[in-house]
Amino acid sequence: MSFAAIFVPNFTFQAIARGEPELRIEPVAVIEGQPPTYRVAALNGLAEKLGVTVGMTKASVEQFPQVQIRNRSKTQEEMAHQALLDAAWSISSRVEDRARDTLLLDLSGLSRLFGGQEDIAHQILCRTSELGMDVHIAVSANAETARIVARALFGITVVPDGREGRFLESLPVAMLSPSPQLAEIFERWGVSTCKSLASLPVLALSERAGQEGVHLHALAGGKATRPLLIVQPTDCFEECLELEDAVDNLEPLSFLLGRLLQQVCVRISARGLAIGAIQVTFELQTAFESTVLFSPDAISATKSPRTFSCALQLPVPSQDSTLLLKLLRLRLQAKPPGAPVRKIHLLAEPGRSRATQSGLFVPASPDPQKLELTLARIAAVVGEGNVGSPHLLDTHRPDAFHMRKFFVPPATTPHGGPPSGAQTAFRVFRPALPLWVQLQKKVPARVAFQGMLGTVIHASGPWRSSGDWWENQPWQEDAWDVEIQFTSESRTVQGLYRVSFDLHFEQWWVRGVYD
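Each residue of the sequence shown is one higher than the one before, counting from 31 in the working numbering.
See below:
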């Protein structure tokens, strides 16, 4: 049995740099607190070289013009921690959430899938690098040894079985995280390394340092054992970005959305899933502070809404962040926020990727993802409610339907030959054509529509239908099937038509023609 430990150094800074990768090559100080008592909570190595230290006030940091200042974001730290968990779950289902910057993985049974211990460690490093985080990884037969070594040593470290104590002996006692009281005692004793602590007699140490001392003694010797506290994988994929300055234009907002979508797609694809639906919530400025807004209608608003939401439901789950960004851009162009955006929250609902196999005799169907983008572009022009598939309602009312989201039906192989016998088709006129009718004995005798005058040769009907009399828009009509003969100077034409008389509006209509 072996375990892997993942440690994220300088987690507070990396949580922010994950959303702004360009900050990794610039000196950065992360501040927290309430104005005017902002103080530095974390910084990167470039800022430290310039003389910035933890605890320094914001006013002091501003004396270094090249240092980028960012506010600490608990939300982004939580998102980074969830991303770290997703990377771990993509390797092993048995993961312990030890701390926000530390995870432990049970590697039992993974050798057939990933190879040896070093190969597994490289896989973990690749997954975390894709998420935008630099980590330390240690692999050992002892979980606590792996955790301590990961915190102490850079890169990938594989501890050979039975040599845990040798790897730990040169590490300072502070790596074991003793309590302040016990750390002071060790300092008075001159115990500064794990080797010196492991060499102390356990019984005497227990009398002077209690159970904590015994536990630290076992840690220093690489002999502390315990079962992992396994956490269950979640299906919640969230990303959040808090902006230093509110964004009031679609182009920079799309750039930020692209980053968030890329992050969530990497997380969700690492778990072998795809995105089935997306909910994006924008937190807006609470007051009108800028003269440039997304929507001209918002200029007259005296108070902007707190949030603005945009939802996207995909017919086929996707892992393509570029496609998702294009779809969201079209939604935002059609219905933009009414105020500058200062925070973006993205929630993705996972779904299983579906693979389709076409038959040899089945026409090729369009790519579902490209089709969705095409439909979104059409909807941006004609309106979202005007794109889709017509679905008949459960009523006899003529042309009663509603629009539902279009999807490509599953391809099926045709069976059998063509249908036998004559087939009659009915071509519906939409909209119905107005008709002039002359009655004889309450039966249509002569008709005229679209500039043509005809004589009714045969008429069958009427068939009365009605409904919705309890609603605001009741309907009632008499339907006829009539054979009409149109005579002109050059020729005579006959046709079989469906006509109806609307009893509410007292109007005749031509509904269609039979082929």
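Just so you know, even glycine gets a beta-carbon here, dropped at the ideal spot from N, CA and C.
First and last residue of the uninterrupted beta strand (DSSP E) at residue i
{"i": "residue 491", "result": "482-497"}
{"i": "residue 380", "result": "371-381"}
{"i": "residue 530", "result": "522-532"}
{"i": "residue 539", "result": "537-544"}
{"i": "residue 461", "result": "456-470"}
{"i": "residue 126", "result": "125-129"}
{"i": "residue 187", "result": "186-188"}
{"i": "residue 98", "result": "98-101"}
Option nearest residue i by Cα separation, candidates the options
{"i": "residue 381", "options": "239, 249, 485 and 267", "result": "267"}
{"i": "residue 253", "options": "232, 298, 174 and 201", "result": "174"}
{"i": "residue 98", "options": "121, 50 and 143", "result": "50"}
{"i": "residue 351", "options": "434, 403, 509 and 288", "result": "288"}
{"i": "residue 300", "options": "275, 276 and 263", "result": "263"}
{"i": "residue 86", "options": "63, 96 and 106", "result": "63"}
{"i": "residue 111", "options": "149, 40 and 176", "result": "40"}
{"i": "residue 378", "options": "405, 503 and 296", "result": "296"}
{"i": "residue 483", "options": "525, 208, 490 and 121", "result": "525"}
{"i": "residue 512", "options": "503, 494 and 488", "result": "488"}
{"i": "residue 416", "options": "457, 196, 433 and 404", "result": "433"}
{"i": "residue 414", "options": "457, 363 and 431", "result": "363"}
{"i": "residue 545", "options": "535, 456 and 528", "result": "456"}
{"i": "residue 167", "options": "467, 529 and 37", "result": "37"}
{"i": "residue 477", "options": "510, 200, 499 and 494", "result": "510"}
{"i": "residue 346", "options": "216, 473, 66 and 307", "result": "307"}
{"i": "residue 57", "options": "32, 45, 48 and 91", "result": "91"}
{"i": "residue 191", "options": "419, 518 and 33", "result": "33"}
For residue j and residue i, the rounded distance between their alpha carbons
{"i": "residue 310", "j": "residue 375", "result": "6 Å"}
{"i": "residue 522", "j": "residue 516", "result": "6 Å"}
{"i": "residue 227", "j": "residue 250", "result": "7 Å"}
{"i": "residue 323", "j": "residue 355", "result": "Bear in mind that a pLDDT of 46 at residue 323, under 50, signals an unreliable position, so the model cannot answer this."}
{"i": "residue 333", "j": "residue 312", "result": "Annotation note: pLDDT 47 at residue 333 (below 50); position unreliable, coordinate value reported separately. Looking at the two C-alpha atoms, the distance is approximately 16 Å."}
{"i": "residue 496", "j": "residue 407", "result": "39 Å"}
{"i": "residue 141", "j": "residue 163", "result": "25 Å"}
{"i": "residue 533", "j": "residue 506", "result": "6 Å"}
{"i": "residue 206", "j": "residue 256", "result": "16 Å"}
{"i": "residue 224", "j": "residue 74", "result": "28 Å"}
{"i": "residue 475", "j": "residue 367", "result": "60 Å"}
{"i": "residue 59", "j": "residue 285", "result": "24 Å"}
{"i": "residue 336", "j": "residue 273", "result": "15 Å"}
{"i": "residue 52", "j": "residue 282", "result": "15 Å"}
{"i": "residue 485", "j": "residue 543", "result": "16 Å"}
{"i": "residue 109", "j": "residue 93", "result": "32 Å"}
{"i": "residue 172", "j": "residue 241", "result": "20 Å"}
{"i": "residue 261", "j": "residue 123", "result": "9 Å"}
{"i": "residue 328", "j": "residue 358", "result": "Below a pLDDT of 50, predicted positions are generally treated as unreliable, and residue 328, at 46, falls in that range; the measurement from the model is reported next regardless. Approximately 21 Å between the Cα atoms of the pair."}
{"i": "residue 527", "j": "residue 465", "result": "12 Å"}
{"i": "residue 55", "j": "residue 188", "result": "30 Å"}
{"i": "residue 340", "j": "residue 423", "result": "29 Å"}
{"i": "residue 89", "j": "residue 68", "result": "8 Å"}
{"i": "residue 469", "j": "residue 502", "result": "31 Å"}
{"i": "residue 421", "j": "residue 361", "result": "24 Å"}
{"i": "residue 472", "j": "residue 481", "result": "23 Å"}
{"i": "residue 353", "j": "residue 535", "result": "49 Å"}
Alpha helix (DSSP H) segment containing residue i, residue limits
{"i": "residue 151", "result": "147-160"}
{"i": "residue 56", "result": "Segment: none, residue 56 is in no alpha helix (DSSP H) and carries neither H nor E."}
{"i": "residue 298", "result": "280-300"}
{"i": "residue 116", "result": "104-119"}
{"i": "residue 227", "result": "224-228"}
{"i": "residue 168", "result": "Not the alpha helix (DSSP H): residue 168 falls in the beta strand (DSSP E), residues 166-170."}
{"i": "residue 179", "result": "173-182"}
{"i": "residue 355", "result": "351-364"}
{"i": "residue 83", "result": "First-last for residue 83: undefined, no H or E at that position."}
{"i": "residue 552", "result": "Absent from the model: residue 552. The displayed extent of the chain is 31 to 545, so no value can be given."}
Identity of the residues DSSP links to residue i by a beta bridge
{"i": "residue 339", "result": "311"}
{"i": "residue 420", "result": "433"}
{"i": "residue 268", "result": "377"}
{"i": "residue 67", "result": "Answer is none; residue 67 lacks a bridge partner."}
{"i": "residue 508", "result": "494 and 531"}
{"i": "residue 517", "result": "522"}
{"i": "residue 474", "result": "469"}
{"i": "residue 35", "result": "134 and 168"}
{"i": "residue 305", "result": "348 and 380"}
{"i": "residue 72", "result": "60"}
**Message:** Tell me whether the segment 455-473 and the segment 534-544 touch, counting them as touching only if at least three CB pairs, one residue from each stretch, are closer than 8 Å.
**Reply:** As far as the Cβ criterion goes, the segment 455-473 touches the segment 534-544, which means the pair count is three or higher.
**Message:** Count Cβ pairs between the segment 148-158 and the segment 108-128 that sit closer than 8 Å; are there 3 or more?
**Reply:** Segments in contact, yes.
**Request:** Mind the definition here: the segment 170-187 touches the segment 126-145 only if three or more C-beta pairs lie below 8 Å; say whether that holds.
**Result:** Two segments are said to touch when three or more pairs of C-beta atoms, one from each, lie closer than 8 Å; by this definition the segment 170-187 touches the segment 126-145.
**Asked** Should the segment 360-378 be called in touch with the segment 424-431, which here means at least 3 C-beta pairs below 8 Å?
**Response** Too few Cβ pairs lie closer than 8 Å, so no.
**Asked** Contact between the segment 142-150 and the segment 89-109: three or more CB pairs below 8 Å?
**Response** Because the criterion of three Cβ pairs below 8 Å is not met, the segment 142-150 and the segment 89-109 do not touch.
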